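Novice:
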Amino acid sequence: MTRSSGIAAPEALGCDLAAVFPAMVGTRLWAAIQDAVVMGVSSLLTHSLNPSMFPLRYRDGRELLHSVSVRSLPGKGDGGALCLIQVNDVTANVQ
């Protein structure tokens, strides 16, 4: 993610996802994350229906087309639910 997003790990570690990717707030991805945390609902967001979830690029500058899986995970202690976000590169499949 560091290489594809252009965001250095120290800038993102410990930060809320909305602080790292503010443009995602209010999107379908944001709603899927909220559903996972609050209700435990998993989601698969495909590139064909949601073409720009994260601003990711290859080293050569080409857009990295991706689908995203969002799953709820049990939290530790009083931390509440957690959310696992898996990004899958689908560039070759789409092209």
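Number 95 marks the last residue of the sequence shown (this note's numbering); no jumps.
The C-beta atom is built at its ideal place from N, Cα and C for all residues, glycine as well.
Values in this document were obtained by computation on a predicted structure and should not be read as measured data.
Using DSSP's beta-bridge definition, name the partner residues of residue 88.
Specialist: The residue given as residue 88 occupies position 88 in the sequence shown. Among the bridge pairs identified by DSSP, residue 88 is matched with 67.
Novice: Name the residue from 17, 58, 47, 15 whose alpha carbon lies nearest to the alpha carbon of residue 90.
Specialist: By 1-based counting over the sequence shown, the position of residue 90 is 90. Nearest in C-alpha terms to residue 90, of all of 17, 58, 47, 15, is 47.
Novice: Is the stretch 34–48 in contact with the stretch 64–74, if contact means three or more CB pairs nearer than 8 Å?
Specialist: In this structure the stretch 34–48 touches the stretch 64–74; the number of beta carbon pairs closer than 8 Å is three or more.
Novice: With 16 as the cutoff for other CB atoms within 10 Å, does residue 53 come out buried or exposed?
Specialist: Stepping through the sequence shown from its first residue, residue 53 is reached at position 53. Buried, since its Cβ has 16 or more Cβ neighbours within 10 Å.
Novice: So, at 8 Å on beta carbons, what are the nonlocal neighbours of residue 7 in its own chain, with the 5 sequence-adjacent residues on each side left out?
Specialist: As a working note, residue 7 is residue 7 in the sequence shown. So the list reads 1, 20, once near-sequence residues are dropped.
Novice: Would you mind stating whether residue 31 and residue 71 have Cβ atoms separated by less than 8 Å?
Specialist: In the sequence shown, counting from the first residue as 1, residue 31 sits at position 31. In the sequence shown, counting from the first residue as 1, residue 71 sits at position 71. It is not a contact, given that the beta carbons lie outside the stated cut-off.
Novice: Taking the alpha carbon of residue 94 as the point to measure from, which residue in 82, 58, 55, 51 has its own alpha carbon closest?
Specialist: The residue given as residue 94 occupies position 94 in the sequence shown. Looking at the Cα atoms, 51 is the closest of the given residues.
Novice: Note down the Cα distance separating residue 5 from residue 23, rounded to an integer number of angstroms.
Specialist: Numbered from its first residue, the sequence shown carries residue 5 at position 5. Numbered from its first residue, the sequence shown carries residue 23 at position 23. Using only the alpha carbons, I get a separation of about 13 Å.
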